[in-house]
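Engineer: In my numbering, the protein residues as written are 365 to 503.
Virtual Cβ for every residue (Gly too), placed ideally from N, Cα, C.
One structure coming up, written as structure tokens, with questions to follow.
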């Protein structure tokens with residue numbers, strides 16, 4: 365059942381190059397399409413999740429980068445406060461803590477997304493082999 369649902373994206377999943385064919389679609393003669401903006405958005409998100417793991421990888425890397433930058437900013441701010449160059453304020457501490465929590469959350473979402481991608485790859489049913497050509501078999 366899972367294989368038939370993914371037939372549309374099978375060629376993309378196998379890694380074959382995409383060849384676009386020019387096609388002129390005729391105007392709709394009757395009625396209105398049942399697809400709405402939310403249906404198209406849902407389809408787009410499903411295709412991104414099914415065919416690419418870049419979104420979770422970007423979230424993970426952005427989270428790691430933001431955590432590192434926040435920690436560096438916190439260390440610099442602490443050093444400047446100890447050297448009496450800056451006056452320690454509650455707002456600065458609060459801002460650094462909020463930035464650290466948000467970037468940690470982004471990193472966590474990316475990490476969980478990577479795990480979900482790995483589980484999805486493991487449980488998705490795909491054909492083991494793809495026949496290119498059948499030789500010496502008659503039907």
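1) At which residues does the alpha helix (DSSP H) containing residue 402 begin and terminate?
2) Tell me whether the beta-carbon of residue 470 lies closer than 8 Å to the beta-carbon of residue 426.
3) Within the stretch 413 to 488, note down every full alpha helix (DSSP H) run reaching 4 residues or more, in order along the chain.
4) Determine contact between the stretch 466 to 484 and the stretch 413 to 432, defined as no fewer than three beta-carbon pairs at a distance below 8 Å.
5) Closest by CA to residue 431, which one among 483, 376, 472, 487?
6) Just to check my reading of the structure: residue 424 and residue 377 have Cβ atoms closer than 8 Å, yes? What is that Cβ distance to the nearest angstrom?
7) Tell me whether the stretch 428 to 445 and the stretch 462 to 469 touch, counting them as touching only if at least three CB pairs, one residue from each stretch, are closer than 8 Å.
8) Can you list, in chain order, the residues of its chain whose CB lies under 7 Å from that of residue 445, leaving out five sequence neighbours each side?
Structural biologist: If we stick to the structure as given:
1) Taken as a continuous stretch (DSSP letters only), the alpha helix (DSSP H) holding residue 402 covers 401 to 415.
2) yes
3) 418 to 446, 454 to 487
4) yes
5) 472
6) Contact doesn't hold; Cβ gap of about 22 Å is too wide.
7) yes
8) 452
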